[in-house]
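Q: From first to last, the protein sequence lines are chains L and U.
All residue numbers for the first sequence refer to numbering that gives the first Met the number 0, where the first residue is 0 and numbers rise by one.
All residue numbers for the second sequence refer to numbering that gives the first Met the number 0, where the first residue is 0 and numbers rise by one.
The C-beta atom is built at its ideal place from N, Cα and C for all residues, glycine as well.
Let me give you the structure first, and then I'll get to my questions.
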Amino acid sequence: MEPGSELSASKQAIKALERGPSFAPAMLFRAARMRISSGELGALPVVFGLALIWTYFELQDTHFLTARNLSNLVLQISVSGTIAIGVVLVLLLGEIDLSVGSVAGATAAVLGVLTVDDNWPWWAGILAMIAVGALIGALQGVWFAVLRVPSFVVTLAGLLVWLGVQLHVLGDAGTLNVFDARITAIASTFLPDAWGWGLAAVAVIGYAGSRLVEDTQRRRAEMSARSLPILFVQTATIAALLLGAVGVLNCAYGVPTAGVLLFALVAFFDWLVRRTTFGRHIYAVGGYAEAARRAGISVIRIRICVFALAGTLAAVGGLISTARLQAASTQTGGGTLLLESIAAAVIGGASLFGGRGSVWAALLGALVIGSVSNGLDLVGQPADVKYMVEGAILLLAVTIDAYSRRRLAVTGR
Amino acid sequence: MQGHAGRRPLQVLTVPEADTRRDERDGGEIAPAPVLELKGISKHFGAVEALSEVDFEVYPAEVVALAGDNGAGKSTLLKVIAGTHPPDAGIIRFDGAEVVINSPRHATQLGIETVYQDLALCDNLDVVANMFLGRETVSAPAALCRLSELDMERRALDVLRQLNVTTIKSVRSPVATLSGGQRQSVAISRAVMWNSKIVLLDEPTAALGVAQTFQVRELIKRLRTRGLGVVLISHNLHDVFEVADRIIVLRLGRRVATFKRDEATPDDVVASITGARRG
């Protein structure tokens, strides 16, 4: 979501709030309702859906909302969530990347062969696999941006080619066990309780601090700024969510390292797309590429960079997957990983039509897909039901996207 | 991606100094020199002669309308000035100095901004982001490319206020939420905020309703008051007579007539567009 859109949507709320803080909850509610009716849904439907799913499974099976299962859920979504960040970036361009699963698998194979067969040190193996992912992404990006082959076709071909590369690199064995403790630590270690609390506190303080500085600067420049009560409510919400999550996870084993990695990646890429010229240009290219080109933005460069980032993030996903399974195999990156990653990005609210969506969609969407999959496993449903439910949720998410787009058109947007 | 070295967004209203050379056409009256002058411009597309030996000039603080039927060469001439179609023959003088404009970037560096018919706005971005598209202000350290939203918003508000664009409620709402007239206003404001000297407008009122057309006309007049040279392509003769100081008629790639607004009637212009009469 654009930084300013919340501002405009809750403008009335701000005005009313200047009259007194007692109006805060009612006004926030009204601003939210205005946004829904005008088609600016934001993250609301996803959060609502997630709450629904969690309630349902908690009613079905008392083990769903236990600390241990939620800790497990975080680990389960770390791979698809990481890959989904890259998918969100590509969706912002209005394009698609179907190769991310194969890229995760191929780079995992590279990591396995280098560290196990060739005895490379763990860090060199990780650097190499990330570089390979970036190169593969850049290559696909060039093919799409320069040779003008539709991204759907380029990455569909990539899906097959990189799967072939993965099988070739792994050779006859098919599976390489990766036991290097420094690699597996990514998915098998947990932060000590105090670290978890500390990181959450730093994140909340950092968020509130940067917002406070920004608003103070705006006020000093005599421009509209969020009022303090709104800032307070938003910070309190974020603090409650983060500290609550840490509290629950600390009841089990602590915050999973892979979860921290996923959260940090989401936060970083969210900053990148909302706060830098690079991110602004991604939205511009996704909104209207011709306008971006005429404004002097190198559309080709942006497109190549975004596909390279998607490849890089797919490689990070491959790394986490290897760490979790302690192996790089022909199965890594296969199965439903690709579909889950794309579904996560779309369910989280990244528009398939380009130019709209937030990087947080990756995390939210992965949570939805992960929760459904995890919950159906707990209640003992077989794969058939699982796929049908996940498919239905994806369809629902895209329908909401298309509907909200139509609403935007109707309300003169 | 800061580009456009040396061109800062407009802070103070600047009016070009009047050049007191004698202008022969006006019979000895003191008149400023043209800010842009084209001489003998020709442009071929294969065997098609889109422009042949066209002269063209626009003065500071003047609105020139380019009139002509479809295929008369209006758009080609506009694209020659905008740098999209460099001419095959002829010379271009800008501020008295001969220049070669062979890319849109060249044109914007000189201070020639184009507002395309489709406005080239990104619907998903807000007004500020669109006005600074491709020329974003970044905060220090520049290597991080962090957007300086506050700076940009302030300057955008300044320019909109100076141009008296009051209908836009929030510069932070996506351009998609604006009306056609507001979108046109944003596109025009973007064109003038970079110390530009000439603004090219391609059919600015083509898709607008009555009230919005009025808004845009007023805005064009304000550009003139700011000392800009405005080149306007419009099919709407009502627009042309409302805002233009001079009307240059092209027909089949040649300049066939020039009218001063006060000395011509729409019928005269139509006659020379259709070729019923030589102006």
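#1: Please specify which runs of the beta strand (DSSP E), each continuous and at least 3 residues long, are wholly inside the region 160 to 241 of chain U, giving them in chain order.
#2: Name the residue from Arg273/L, Gly208/L, Met222/L, Ile319/L whose alpha carbon lies nearest to the alpha carbon of Leu110/L.
#3: Would you say Arg293/L reaches chain U, if we count a Cβ-Cβ gap shorter than 8 Å as a contact?
#4: List the DSSP bridge partners of Ile91/U.
#5: Go through its chain and collect everything with a Cβ distance to Ile237/L's Cβ below 7 Å, but skip five positions before and after it.
#6: Would you please verify whether the beta carbon of Phe277/L is less than 8 Å from any beta carbon of chain U?
#7: Cutting at 8 Å between CB atoms, please list the residues of its own chain near Ile368/L, excluding the five before and the five after it.
#8: With a threshold of 16 other CB atoms inside 10 Å of the CB of Leu64/L, please say whether the residue is buried or exposed.
#9: What is the DSSP secondary structure of Arg250/U, reduced to helix, strand or coil?
#10: According to DSSP, simplified to helix, strand and coil, what is His167/L?
#11: Using the C-alpha atoms, what's the distance from Val229/U back to Pro59/U?
#12: Using C-beta distances below 7 Å, list every residue in its chain close to Arg274/L, excluding the 5 sequence neighbours before and after it, in chain order.
#13: Please return the same chain residues whose Cβ sits closer than 7 Å to the Cβ of Ala275/U, not counting the five positions on each side in sequence.
#14: Along the chain, where does the alpha helix (DSSP H) that runs through Leu313/U open and close?
#15: Along chain U, which residues have their Cβ under 9 Å away from the Cβ of Gly354/L?
#16: Output yes if chain U places a C-beta closer than 8 Å to the C-beta of Arg218/L; else output no.
#17: Could you please give the first and the last residue of the uninterrupted beta strand (DSSP E) stretch that includes Thr174/L?
#18: Spell out whether any CB of chain L is found under 8 Å from the CB atom of Gly133/U.
#19: Between the C-alpha atoms of Val102/L and Ile135/L, what's the straight-line distance to the nearest angstrom?
#20: Starting from the N-terminal side, write out each stretch of the beta strand (DSSP E) that is 3 residues or longer and does not extend beyond the region 57 to 94 of chain L.
#21: Can you pull the chain U residues whose beta carbon is under 9 Å from the beta carbon of Ala42/L, in chain order?
#22: Residues in its own chain within less than 8 Å of Asp479/L by CB, not counting five upstream and five downstream?
#23: Name the chain L residues whose beta carbon is nearer than 9 Å to that of Pro203/U?
#24: Alpha carbon to alpha carbon, how far is Ala309/L from Gly93/L? Give it in angstroms, no decimals.
#25: Looking only at DSSP bridge pairs, what is Pro103/U linked to?
#26: Against chain U, with Cβ distances strictly below 8 Å, would Ala290/L count as a contact?
#27: Who are the Cβ neighbours of Arg221/U in its own chain at under 7 Å, not counting the five residues just before and after it?
#28: When you check each C-beta in the region 90 to 103 of chain U against every C-beta of chain C, which residues fall closer than 8 Å?
#29: Taking just the CA atoms, how far does Asn194/U sit from Gly27/U?
#30: Can you pull out the residues from the region 250 to 276 of chain L whose beta carbon lies closer than 8 Å to at least one beta carbon of chain U?
#31: Within this structure, are the beta carbons of Leu124/U and Ala42/L separated by less than 8 Å?
#32: Thinking C-alpha only, which one of Ser328/L, Tyr55/L, Leu88/L, Ile399/L is nearest His167/L?
#33: What number of angstroms, rounded off, separates the C-alpha of Val89/L from the C-alpha of Glu56/U?
#34: Give the single residue among Ala71/U, Ser102/U, Leu35/U whose Cα lies nearest to the Cα of Pro85/U.
#35: Any heavy atom of the ligand HEM within a distance shorter than 7 Å of the CB on Arg147/L?
#36: What's the C-alpha gap between Ser147/U and Leu351/L?
A: Quick answer:
#1: 197 to 201, 228 to 232
#2: Ile319/L
#3: yes
#4: Leu37/U, Val98/U
#5: Val203, Tyr206
#6: yes
#7: Ile76, Ser79, Glu339, Ala342, Ala343, Ile346, Glu389, Ile392
#8: exposed
#9: strand
#10: helix
#11: 8 Å
#12: none
#13: none
#14: Past the edges of chain U, shown from 0 to 278, lies residue 313/U, and the structure says nothing about it.
#15: Cys121, Asp122, Asn123, Leu124
#16: no
#17: 174 to 176
#18: yes
#19: 8 Å
#20: none
#21: Neighbours of Ala42/L on chain U: none; closest Cβ ~17 Å, over 9 Å.
#22: In the structure as shown, chain L starts at 0 and stops at 412, and residue 479/L therefore has no counterpart that could be examined.
#23: Chain L residues near Pro203/U: none, gap ~16 Å exceeds 9 Å.
#24: 14 Å
#25: Answer is none; Pro103/U lacks a bridge partner.
#26: yes
#27: Leu162, Asn163
#28: Absent from the structure: chain C. Protein chains present are L and U.
#29: In this prediction, Gly27/U scores a pLDDT of 43, lower than 50, which makes its location untrustworthy; no coordinate-derived value is stated.
#30: Arg274, Thr275, Thr276
#31: no
#32: Ser328/L
#33: 46 Å
#34: Ser102/U
#35: In the structure shown, the ligand HEM is absent, as is every other ligand, since no ligand is present at all.
#36: 29 Å
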